[in-house]
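>
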Amino acid sequence: MTFELTMLALSIFLGFIQIVLASHAASLQRGYRWTASARDEALPPLTGVAGRLARALANFNETFPFFAAVVLAAHLVGVHDWRTHWGAALYFFARLAYLPLYAFGVPLIRSLTWNVAVAGIALLLWAMVLP
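Residue numbers (our numbering): 1291 to 1421.
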């Protein structure tokens, strides 16, 4: 398996971890009876760590499809160079750092970390467009 596909697999695992953390935090805030319900009633937004974990998951869900698509496209056409290597590494490790930064409410550095992840996607895209 290539390094880029390894980073993709680790990113999938990271996404799964974020789903588990966000759902458990929401259940702790709203109760497990709510978790087991149909959730038909309107509730106020989650607050504190639960809200931040939910927003971090939503943010991951916004960037991950782009990352996955460009990693898979690069793999399909056989583009593997320093840009794909660093792009995949930057995305995964920045997203890994982003989660606790967001959960603990760290400003500015969290935003910088998000930009590093997006730069990783940009590097991968660059490698695809200009091989």
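Ideal Cβ placement from N, Cα and C applies to all residues, glycine included.
Given a cut-off of 9 Å on the beta-carbon distance, is the pair Trp1416 and Arg1373 in contact?
Yes.
> What residues in its chain sit with their C-beta under 8 Å from that of Ala1412, if we drop five residues either side in the sequence?
Cβ within range, chain order: Gly1377.
> Going by DSSP in three states, Val1369 sits in which element: helix, strand or coil?
The answer is coil: DSSP assigns Val1369 none of H, G, I, E or B.
> Could you tell me the distance, in whole angstroms, from the CA atom of Ser1313 to the CA atom of Val1367?
Using only the alpha carbons, I get a separation of about 37 Å.
> So, for Leu1380: in the same chain, excluding its five sequence neighbours on each side, which residues have a beta-carbon less than 8 Å away from its beta-carbon?
Here the set comprises Val1406, Ala1407, Ala1409, Gly1410, Leu1413.
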